[in-house]
Amino acid sequence: MGKQVVRALRAVLVVVLAGTVFVQTLMVWALATDPEDGTLPLTPLRVSTILGMVSVQVALVCVWRLVTMVRRGTVSPTPPSGTWTS
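Note that the working numbering gives residue 358 to position 48 of the sequence shown, counting from 1, and the numbers run on in steps of one.
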């Protein structure tokens with residue numbers, strides 16, 4: 311992978327990570343400040359959204375680590391890279 315491809319991929323990862331953090335912040339704020347009036351139970355939806363964003367963030371960190379390993383040329387079936395691919 312070339313340097314420009316790695317930089318572009320990392321830029322995309324940073325934008326997606328920032329978006330997930332923004333959505334999480336909004337969901338936590340809405341969960342903390344918006345009392346439910348009983349018309350539609352939104353708490354389970356908000357909690358599942360927060361947990362989904364955490365899952366996406368974990369996947370982004372794994373992809374970031376793999377891109378770093380690809381750039382260094384250390385991706386192989388050895389334990390350091392196997393940790394991030396299994």
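Glycine included, every Cβ here is placed at the ideal spot set by N, Cα and C.
message: Need the endpoints of the alpha helix (DSSP H) that residue 380 sits in, please.
response: Unbroken alpha helix (DSSP H) run through residue 380: 353-382.
task: Measure the alpha-carbon distance for residue 381 versus residue 330 and round it to whole angstroms.
output: Straight-line Cα distance between these residues: approximately 25 Å.
task: Indicate the three-state DSSP secondary structure (helix, strand or coil) for residue 312 in the structure shown.
output: Shown here, residue 312 sits in coil according to DSSP, grouped into three states, outside any helix or strand.
Proximity below 8 Å, CB of residue 377 to CB of residue 322: It is not a contact, given that the beta carbons lie outside the stated cut-off.
message: Please state the DSSP three-state secondary structure of residue 385.
response: Three-state result, residue 385: coil.
message: So, at 7 Å on beta carbons, what are the nonlocal neighbours of residue 363 in its own chain, with the 5 sequence-adjacent residues on each side left out?
response: Within the same chain, residue 363 has close Cβ partners 330, 333 and 334.
message: Please return the same chain residues whose Cβ sits closer than 6 Å to the Cβ of residue 359, not counting the five positions on each side in sequence.
response: 337.
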